[in-house]
Structure formats: structure tokens, C-alpha cells
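Q: The letter at position 176 of the sequence shown is residue 176 when you use this note's numbering, and the numbering goes up by one with no holes. Before I ask anything, let me first share the structure, which is written out below as C-alpha cells.
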Amino acid sequence: MNSYERFAEVYDYLMEDVPYEKYVDWVRRYAPNTEFPTLLDIGCGTGTLTLMFHEAGYDVCGVDLSESMLSIANQRMQEANVSIPFYQMSMDELEGFNDLDIAVIPIDSINYLFHEEEVKETLNRVYDSLRPGGQLFFDVHSLYKMDEIYAQSPFSYDDGDIFYLWYTEKGEMEHSVIHDITFFVRDEATNLFERFDEEHFQRTFPIEVYENWLEEAGFSTITFTADWKEEKPVYTSERIFIRAVK
């Protein structure tokens, strides 16, 4: 359902308002005080945040399921004259990483997993990939955003080069949403707009459920904040930030 084949082409335009620097600051606030701590960016997309972590002094690599996203990420690193390894794999099939200092699953990437077991398996595999004392940082959509904010669709976007209409409908599973997005992208050569359609699925869970799954995986010192602030989540919080220690 989540192809990302054409979506990768417009992803960076749509994420321009995401305060990536706050994500880096969040991790740096709790990261180990060592030189070049190792960091795995899971669901790295087009590599924007991956590059920022590298520039902040981390020894970084990234994984993503989408070949198209990783192609753009590799191009970004070449343009920055930076060598960062990327691997194509699903986060619930994560393997080959050991003794990491930090793992991040940013920008609600984990909400794209369809089944509960996929989320639990992801947390288990991340736990196994971290060193003792290593930390996991990730964020998820709140129940409020999934159940109420997304119910207010349609949404639209238009910057002159890219236009979309974004409709949402409730999924069959509790706290899930199906995103149906129609894009019109201007071709610079012809000045004509090309249409393509994307369908994406997202699902989230109550904070208590994430906490239980993290504890079952072996994590401790689990903390929750909301909406890019060091504040506890409230009912109307939209994005929940979760940090856990192995």
C-alpha cells in the first residue's frame, strides 16, 4: 500500500516545514558524551536528517524500505561530498547492526507498520542492535491526531510547482487511517502538470501500549514528551516523542 515510488520525488518539498534541527537537538541532549557515537537512522527517507546527524558529529548509517527514497538519499550525500552507507530493508526485519549507541525512527515512520507484531518486532530488533545503555528515539502520531485531526480532511497544498489533494478515511483497525493523495507536479521542460496518485496507511497506539511493548523488549527509562517540547503529552497533543534506554 505504501509504494513511495513517485512520492519520493516530492517528499522533500512536503517536509520543508518539519523542524529537523529539533530532532537533532533532542538526541544530542541525551546522547553519550563520546566522540563519534554510532547512530542508525531507521526509515531515513531521502536522508535529510541522516546528513544533519552526520554534520552534528555522529557516525551514521541509514535504512529504508523504499529504493526510490534511498536513491535520493545517496544523491544527497554525493552532493554534500559525504560517505554514508544506506541499506534497503524493512524496520521489522532489521539485521546486521550491533552495539549501536543510538537508533532513531523519525517522523512517524513506525506508524506505517500495519500489524502490532511488526511494531513489536521492530522494537525487539532495535533493542538487539543497541549496546547496553544505548538509546532509541522515535515519534508517533497521537490518538487525537489519528482519530480527530485526520478526520478533518480534505487537505491541500499548492506552491505553484506541486499541488495535492489529500483525503483521509478511517482504516479497519482502531486508530488507523488511509491516506489517498492526488499529486500534480509541474514538468519544468514542458510547463505541464503530471498527475499521480498515492495511497498510504498509518496506524498508531496508545502511549501505554508503546510503553508495554518497550518494556517487553527489555527497554527501561522510558520517557514521553509531545509536540517538539519537553512537556508531557496531553489529550490534544499531536506528535508523541518516545525515548528508551537499553
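Idealized CB from N, CA, C, for every residue including glycine. Bear in mind that the values here come from a model prediction, so they are computed numbers and not experimental data.
#1: Would you mind giving the Cβ-Cβ distance between G57 and G47, rounded to the nearest angstrom? I have them listed as a contact below 8 Å.
#2: Quick one, are the C-beta atoms of H179 and D147 less than 8 Å apart?
#3: Just list the residues that DSSP pairs W166 with in beta bridges.
#4: With S220 as the anchor, note down where its beta strand (DSSP E) starts and where it stops.
#5: Starting from A73, follow the alpha helix (DSSP H) in both directions and report where the run begins and ends.
#6: Checking the sheet assignment: what are the DSSP bridge partners for H115?
#7: I need the straight-line Cα distance from A276 to D197, nearest angstrom please.
#8: Quick check: what's the CA-CA separation for S3 versus E215?
#9: In terms of alpha-carbon separation, which member of E188, Y235, P37 and D139 lies closest to E211?
#10: Express the C-alpha separation of E116 and Q135 in angstroms, rounding to a whole number.
#11: Tell me which same chain residues have a C-beta within less than 6 Å of the C-beta of Y150, skipping the five on either side of it?
#12: Between which two residues does the alpha helix (DSSP H) containing I84 stretch?
#13: Counting along the chain, where does the beta strand (DSSP E) carrying H141 start and finish?
#14: Assuming I110 is part of the alpha helix (DSSP H), what are its boundary residues?
#15: State the Cα-Cα distance for the pair Q152 and V18, rounded to the nearest angstrom.
#16: Please look up how many angstroms separate the CB atoms of G171 and F205, rounded, as I've assumed it's under 8 Å.
#17: According to DSSP, is H54 helix, strand or coil?
#18: Rounded to the nearest angstrom, how far is the Cβ of L70 from that of F86, given a contact under 8 Å?
#19: Taking 8 Å as the CB-CB cut-off, is L130 touching chain B?
#20: For the ligand SAH, is there a heavy atom less than 7 Å away from the beta-carbon of T221?
#21: Keeping to the same chain, check which residues put their C-beta closer than 8 Å to that of R76; ignore five residues upstream and five downstream.
#22: Give me the residue from C44, F137, S237 and V10 with the minimum Cα distance to T221.
#23: Give the straight-line distance between the Cα atoms of T223 and V185, rounded to the nearest whole angstrom.
#24: E21 lies in the alpha helix (DSSP H); which residues open and close that run?
#25: For K229, which residues does DSSP report across the bridge?
A: So, from the listed chains and residues:
#1: With a Cβ gap of about 17 Å, G57 and G47 do not count as contacting.
#2: no
#3: Per DSSP, F155 and I181.
#4: S220 to A226
#5: E67 to E79
#6: Note: H115 sits in no beta bridge, so no partner.
#7: This structure cannot settle anything about residue 276, because the visible part of the chain is limited to 1 through 246.
#8: Any reading at S3 must be qualified, since the residue scores a pLDDT of 47, below 50, and its modelled position is unreliable; no value is offered.
#9: D139
#10: 22 Å
#11: T168 and V177
#12: Taken as a continuous stretch (DSSP letters only), I84 belongs to no alpha helix (DSSP H), as it is neither H nor E.
#13: First-last of the beta strand (DSSP E) with H141: L130 to H141.
#14: Note, I110: premise wrong, no alpha helix (DSSP H); not H, not E.
#15: 21 Å
#16: About 13 Å separates the beta carbons of G171 and F205, which is beyond the 8 Å limit, so they are not a contact pair.
#17: helix
#18: Confirmed, Cβ separation roughly 5 Å.
#19: This model lacks chain B altogether; it includes just one protein chain.
#20: Because no ligand of any kind appears in the structure shown, any question about the ligand SAH cannot be addressed here.
#21: T46, G47, T48 and L51
#22: F137
#23: For T223 and V185, the gap between their C-alpha atoms comes out near 41 Å.
#24: Y20 to Y30
#25: The partner list for K229 (beta bridge, DSSP) reads A226.
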